[in-house]
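Trainee: I have a structure here, written as structure tokens, and I will follow up with some questions on it.
Chains as they are written, first to last, in this note's numbering: chain P, 199 to 552; chain C, 199 to 552.
Below, the structure is given as structure tokens:
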């Protein structure tokens, strides 16, 4: 493929804030962004040239959507396989189905991480309540039971400390195929955001350090501590993963850093990632433009960090404070246009630069 | 007025590239951008939450448009006065009618510049063919005849060197009220882009140097040469102009720099300006976000230049070269989504940073 010319249409499956910032980046490069959202008047739809509204499992709608696009990408990894396949009948879908396949299933994700030469927490697949007690013996207590599929921001998870927790945990995750993971007593969490172009070129952002609370990212600091020792092993895993998946676009990998400095892969996100938002304001080519460049077959942009940065998520009506935050010249304020401003929901972020 | 909260609607009169970049900036701050354009599927409309299509002189449509907005601004200074007045019945219009009044009439513009303590080229108002010959005696030859209203990018202008040119010049500008200006034998051209907030605070970008060809801006270099000597007089004119107009938003002033270092005001543009595009990529708060902040009553952002920058306009199908331009890490590529890519029309720009 040669590079898509300006005026081409980039389709985004998903109408949330990641889709919005992808559509904005597409627009700056002269593309038309089309958004497929399960709700009308979505944050992404409101900055896109067109918004298609249909359930995400409506394969026929996805096929019709893709027919108007030159390339299709997505903002969330739980795009139903049938939807992605239907879109792929009409336009290239980037990254491709293998990335979705790996990221949608926590067992396959762990297996893939190991195939990439990475370590992960000890884990056991769980198909029934009996598997939990059994698995607990192998992975050790405390452990975390997570649904294999559709986990997001800490949902579908339950802690298992003893056999007495098994029943409640199985109920809590909805009695669905799951994975039991050893609790990783990590020192801190880091993530790596990188891109692979259509031509196979790679661009790595700096490794960053993340604070989560309640399973939700609160703050990202760029760069992470111990950058020199952590970067080579993290990039090695990323490079192998990007190449094994014949990946095109931005990929994020979350790692636990153990007290002895070992990295355990926690999660792959085959998309732009909350821990990469700082790149908008402290690199020449932020992750959203980078992803658009990749899926459009353009050369990748420069990912070098131009300043230290701290990205803090805003939740619910935190964003009503945006004018005050904007008064501080170190702050770059981003608001997502969500309605309503529901408590606990990510509604914006602010990146402090320098 | 207190600051408009995210979720408010910012209306933009004008569907071109300036409106597009204003709508993008509004979106990043969590506003909905609504665009009023005289053609459907406009560059700005394609990144806005809503596009209203009507002729720019349709006051009733402007009134209906403004009824859905919390504030209305514009991307071009030739908004008909009746349209601005109709919009102002339903929502604040910023900057206000006085700025339009000054910028729409070249004679009033020159008079206003002088009232701000600035020098201008010698000029004479022209109401008839006879006034041209008469004026030529006063301003000296060569002179330039320009229509008083609706001039843009060198249109509506004709050179007058001798009395023999009078008839052709009068025909060339359409036999319309005009101004005869002495030709300013300037050394170079600079412009100053600045903003005044709703609270009266001021933010100045660095003075920049511009190259025009055929009346159209080709390249802007930030900063201008002789910055230390030129900045104080340019800022003095800007400050007086912003305050006299009780201005809210971004204002640009173009100056001629004479061989002896004197500044002559050439033009006021009561809007974001092509010579301010470099600020997107070489300041913390570019002119588009700055304008949105001002009209929304937010605090102004930091206008300090973070690197040297050279902005080059792209015309017609130059933008098909965007993927190649984007391969150079010093380049920041911006494409406007114009259709068709008509020759000579501004279709994008590239800013080289550092």
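Just so it is clear, CB atoms sit at the ideal spot from N, CA and C, and this is done for glycine as well.
Quick check: the stretch 257 to 265 of chain C against the stretch 300 to 310 of chain C, are at least 3 beta-carbon pairs closer than 8 Å?
Mentor: Cβ pair count under 8 Å is below three, so no.
Trainee: Please work out which residues of its chain come closer than 7 Å, Cβ to Cβ, to residue 318(P), disregarding the five sequence neighbours upstream and downstream, and give them in chain order.
Mentor: Sequence index remark: in the first chain, residue 318(P) carries index 120 (1-based). Contacts found: 308, 311, 312, 462 and 463.
Trainee: Can you tell me whether residue 456(C) is helix, strand or coil according to DSSP?
Mentor: Reading the second chain from its first residue, position 258 is the one you call residue 456(C). Residue state, collapsed to three classes: coil.
Trainee: Of all the beta strand (DSSP E) runs that stay within the bounds of the stretch 309 to 384 of chain P, which reach a length of 3 or more residues?
Mentor: 321 to 324, 341 to 345, 355 to 358 and 376 to 380, all fully within the stretch 309 to 384 of chain P.
Trainee: Could you round the C-beta distance between residue 396(C) and residue 501(C) to whole angstroms and report it? I think they count as a contact, below 8 Å.
Mentor: For the purposes of this step, residue 396(C) is taken as residue 198 along the second chain, with counting starting at 1. For the purposes of this step, residue 501(C) is taken as residue 303 along the second chain, with counting starting at 1. About 17 Å; that fails the 8 Å criterion.
Trainee: Taking buried to mean at least 16 other C-beta atoms within 10 Å of its own C-beta, is residue 471(P) buried or exposed?
Mentor: For this step, residue 471(P) is matched to residue 273 along the first chain. Buried, since its Cβ has 16 or more Cβ neighbours within 10 Å.
Trainee: Please name the residue, chosen from 417(C), 485(C), 250(C) and 388(C), that lies closest to residue 512(C) on a Cα-to-Cα basis.
Mentor: Locating residue 512(C) in the second chain gives position 314, counting from the first residue. Considering only alpha carbons, the answer is 417(C).
Trainee: Under a three-way DSSP split, which group does residue 471(C) fall into?
Mentor: Counting from one through the second chain, the residue named residue 471(C) turns up at place 273. Coil.
Trainee: Use the C-beta contact count for residue 200(P): other C-beta atoms within 10 angstroms, 16 or more gives buried, fewer gives exposed.
Mentor: Here residue 200(P) is taken as the residue at index 2 of the first chain, counted from 1. With fewer than 16 Cβ atoms within 10 Å of its Cβ, residue 200(P) is classed as exposed.
Trainee: How about residue 237(C): is its C-beta nearer than 7 Å to some C-beta of chain P?
Mentor: As a working mapping, residue 237(C) is identified with position 39 in the second chain. Answer no: the Cβ-Cβ gap between residue 237(C) and chain P never drops below 7 Å.
Trainee: Which residues in chain P sit within 9 Å of residue 222(C), going by Cβ to Cβ distance?
Mentor: In the second chain, counting from the first residue as 1, residue 222(C) sits at position 24. Per Cβ cutoff of 9 Å: 222, 225, 226 and 245.
Trainee: Tell me whether the stretch 360 to 368 of chain P and the stretch 421 to 432 of chain P touch, counting them as touching only if at least three CB pairs, one residue from each stretch, are closer than 8 Å.
Mentor: Touching, no.
Trainee: In three-state terms, what does DSSP make of residue 477(C)?
Mentor: As a position in the second chain, residue 477(C) is number 279, starting the count at 1. Helix at residue 477(C).
Trainee: Extract the residue ranges of the alpha helix (DSSP H) inside the stretch 470 to 548 of chain C, only unbroken runs of 4 or more that lie entirely within it.
Mentor: As far as the stretch 470 to 548 of chain C is concerned, its whole alpha helix (DSSP H) runs of at least 4 residues are 477 to 480, 485 to 493 and 520 to 524.
Trainee: Can you list, in chain order, the residues of the stretch 506 to 518 of chain P whose Cβ is nearer than 7 Å to any Cβ on chain C?
Mentor: The residues in question are 517 and 518.
Trainee: Run through the stretch 220 to 290 of chain P for me and flag every whole beta strand (DSSP E) of 3 or more residues, listed as ranges in chain order.
Mentor: The stretch 220 to 290 of chain P contains these whole beta strand (DSSP E) runs: 230 to 235, 248 to 251 and 269 to 272.
Trainee: With distances taken Cα to Cα, identify the nearest neighbour of residue 305(C) among 330(C), 347(C), 293(C) and 314(C).
Mentor: Counting from one through the second chain, the residue named residue 305(C) turns up at place 107. Per the Cα distances, 347(C).
Trainee: Are the beta-carbon atoms belonging to residue 271(C) and residue 210(C) less than 7 Å from one another?
Mentor: Stepping through the second chain from its first residue, residue 271(C) is reached at position 73. Stepping through the second chain from its first residue, residue 210(C) is reached at position 12. Cβ atoms of residue 271(C) and residue 210(C): closer than 7 Å.
Trainee: Report the partner residues of residue 427(C) according to the DSSP bridge assignment.
Mentor: As a first step, residue 427(C) must be located in the second chain, where it is residue number 229. BP columns for residue 427(C) are empty, so no partner.
Trainee: Indicate whether the contact test is met: 3 or more Cβ pairs, each with one atom in the stretch 440 to 453 of chain P and one in the stretch 537 to 545 of chain P, closer than 8 Å.
Mentor: No: fewer than three Cβ pairs fall under 8 Å.
Trainee: Starting from residue 400(P), trace the beta strand (DSSP E) in both directions and tell me its first and last residue.
Mentor: Position 202 of the first chain, counting from 1, holds the residue named residue 400(P). From DSSP, the beta strand (DSSP E) with residue 400(P) extends over 400 to 402.
Trainee: Chain C beta carbons: is any one of them nearer than 7 Å to that of residue 277(P)?
Mentor: Translated into the one-based positions of the first chain, residue 277(P) becomes position 79. So, not an interface residue.
Trainee: Excluding five sequence neighbours on each side, which residues of the same chain lie with their C-beta closer than 6 Å to the C-beta of residue 465(P)?
Mentor: Along the first chain, one-based indexing puts residue 465(P) at 267. Contacts found: 452.
Trainee: With three or more C-beta pairs closer than 8 Å as the rule, is the stretch 521 to 535 of chain C touching the stretch 489 to 498 of chain C?
Mentor: The answer is no - the stretch 521 to 535 of chain C does not touch the stretch 489 to 498 of chain C, with fewer than three Cβ pairs under 8 Å.
Trainee: Do residue 454(P) and residue 341(P) have their C-beta atoms closer together than 7 Å?
Mentor: To locate residue 454(P), count along the first chain from 1; it is residue 256. To locate residue 341(P), count along the first chain from 1; it is residue 143. Their beta carbons are not under 7 Å apart, which means residue 454(P) does not touch residue 341(P) by this criterion.
Trainee: So which residues of chain P does residue 527(C) contact, with C-beta pairs closer than 9 Å?
Mentor: Residue numbering aside, residue 527(C) sits at position 329 when the second chain is read from its first letter. Within 9 Å Cβ-Cβ: 482, 483, 499, 500 and 502.
Trainee: When you check each C-beta in the stretch 247 to 267 of chain C against every C-beta of chain P, which residues fall closer than 8 Å?
Mentor: Under the 8 Å Cβ criterion, the stretch 247 to 267 of chain C contributes 247.
Trainee: Quick one: does residue 299(P) have its CB under 7 Å from some CB of chain C?
Mentor: In the first chain, counting from the first residue as 1, residue 299(P) sits at position 101. Not an interface residue.
Trainee: In chain order, what residues of the same chain have a beta carbon less than 8 Å from the beta carbon of residue 432(P), not counting five sequence neighbours either side?
Mentor: The count along the first chain starts at 1 and reaches residue 432(P) at position 234. 388, 390, 405, 451, 453 and 461, listed in sequence order.
Trainee: In terms of residue numbering, what span does the beta strand (DSSP E) encompassing residue 301(C) cover?
Mentor: Taking the second chain and counting its residues from 1, one reaches residue 301(C) at position 103. Per DSSP, residue 301(C) belongs to no beta strand (DSSP E); it is in the alpha helix (DSSP H), 295 to 301.
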